[in-house]
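So the sequence lines, in the order shown, correspond to chains A and B.
Using my numbering, the first residue of the first sequence is number 18, and each one after it goes up by one.
Using my numbering, the first residue of the second sequence is number -16, and each one after it goes up by one.
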Amino acid sequence: KAGVTQTPRYLIKTRGQQVTLSCSPISGHRSVSWYQQTPGQGLQFLFEYFSETQRNKGNFPGRFSGRQFSNSRSEMNVSTLELGDSALYLCASSLDPRTDTQYFGPGTRLTVL
Amino acid sequence: ELKVEQNPLFLSMQEGKNYTIYCNYSTTSDRLYWYRQDPGKSLESLFVLLSNGAVKQEGRLMASLDTKARLSTLHITAAVHDLSATYFCAVDIENYGGSQGNLIFGKGTKLSVKP
C-alpha cells in the first residue's frame, strides 16, 4: 500500500511570506503528526491530529498552525516566515500512536531566503 | 525538562565489529522507538519497544528496553557498510500530560562502518 506522501518536496520562500505544506497519510491511518528537523535542534514535534482534532502541540510559536481534513489529509501552515524556519518538515502517520509505529513521509525541504 | 540522550553521537566502526548505542530518557515512558535515517532521506522505522524488558532483533540489529533504568540499547553485531546511517531513538511521552503521537527524539547517532 502507498506510503505517506508529502507535497511539495522542495520549497524556496523569502522572509515574511507564508507557506502551506501538505501530507497524505497511509490509507486507514487517522493520526498525523508533524516534525521539524534542523541540524541545530534536531527533530522536534510540531503537532498531532487525530480525526480532525489537534490533540497535542509542541513548543512552537503561533505562526505554525495545522489542520486535518475528514479524509485524514493534513496541512501545516507557517506564516511570516523567518530564516530559522528553514528545515526539513516531516509528516508521520499511524493507526494508533499508542501501539503502532509512526510511518514517516519523505519530507518537505523548506528554504527561507 | 524532558530529555532523550543518545551516545555516542558519532561512531566509526570497522566491518565485522560489534557495538552498542545507548539511549537514556528522563521521563516515565514504556514506549520507545528506533529509527534509521540515510542522508537526505526520511526516517525508517526499525523497532517499536512497548514494554519493560522488550527485546527485538532484525538482522544485525537488536534493541532492548529497560523502563526502570529509562534506558534502551541498540546493539550492532558484525557491522557491515550498509548499516552506515544516522540512528535515532524516540520516546513517546503519552504518559506525560496525556498527549499522544508526540515523540521526543534523541539527537541521533551517526554511524559510519568502514571496510
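Positions of the beta carbon are idealized from the N, C-alpha and C atoms, including for glycine.
**Request:** Report all residues from its chain with a CB closer than 6 Å to the CB of Asn73(A); omit the five preceding and five following residues, and keep chain order.
**Result:** Glu65
**Request:** Note down, in chain order, all residues in the region -1 to 18 of chain B with a beta-carbon under 8 Å from any beta-carbon belonging to chain A.
**Result:** Arg14, Tyr16, Tyr18
**Message:** Check whether chain A comes within 8 Å of Ile87(B), counting only Cβ atoms and requiring the distance to be less than that.
**Reply:** yes
**Request:** Could you say if the region 27 to 36 of chain A and the region 91 to 101 of chain A meet the contact criterion of at least three C-beta pairs nearer than 8 Å?
**Result:** yes
**Asked** When the Cα atoms are used, what is the spatial distance from Asn78(B) to Val96(B)?
**Response** Unreliable placement is indicated for Asn78(B), whose pLDDT of 48 sits below 50; no coordinate value is reported for it.
**Prompt:** Using the rule of at least 16 other Cβ atoms within 10 Å of the residue's Cβ for burial, across every protein chain shown, is Gly36(B) buried or exposed?
**Reply:** exposed
**Counterpart residues of Asn94(A) in DSSP-defined beta bridges** = Thr37(A), Ser82(A)
**Prompt:** What residue does the beta strand (DSSP E) around Ile4(B) start on, and which one ends it?
**Reply:** 2 to 8
**Asked** Pick from Leu94(B), Lys93(B), Ile87(B): whose alpha carbon is nearest that of Arg14(B)?
**Response** Ile87(B)
**Item:** Under the three-state DSSP convention, the category Asp21(B) falls into
**Value:** coil
**Members of the region 57 to 72 of chain B near chain A, C-beta cut-off 8 Å** = Phe71
**Prompt:** Is there contact here, the region 75 to 84 of chain A with the region -13 to 0 of chain B, by at least three beta-carbon pairs under 8 Å?
**Reply:** no
**Request:** Give the interface partners of Lys90(B) over in chain A, defined as CB-CB distance under 7 Å, in chain order.
**Result:** Gly59
**Item:** Whole-angstrom C-beta distance between Ser103(A) and Thr128(A), which should lie under 8 Å
**Value:** 5 Å
**Message:** With a threshold of 8 Å between beta carbons, is Leu(-15)(B) in contact with chain A?
**Reply:** no
**Asked** For Gly59(A), which three-state DSSP category applies?
**Response** strand
**Message:** Any heavy atom of the ligand ADP inside 7 Å of the beta-carbon of Ile29(A)?
**Reply:** What this structure holds is no ligand at all, so the ligand ADP is not there to describe.
**Prompt:** Can you find a CB in chain B that lies within less than 8 Å of the CB of Gly122(A)?
**Reply:** yes
**Request:** Could you tell me if Val74(B) is buried or exposed, where buried requires 16 or more neighbouring beta carbons within 10 angstroms of its beta carbon?
**Result:** buried
**Request:** Between the Cα of Leu63(A) and those of Pro25(A), Phe81(A), Thr24(A), Phe121(A), spot the shortest distance and give me the residue it belongs to.
**Result:** Phe81(A)
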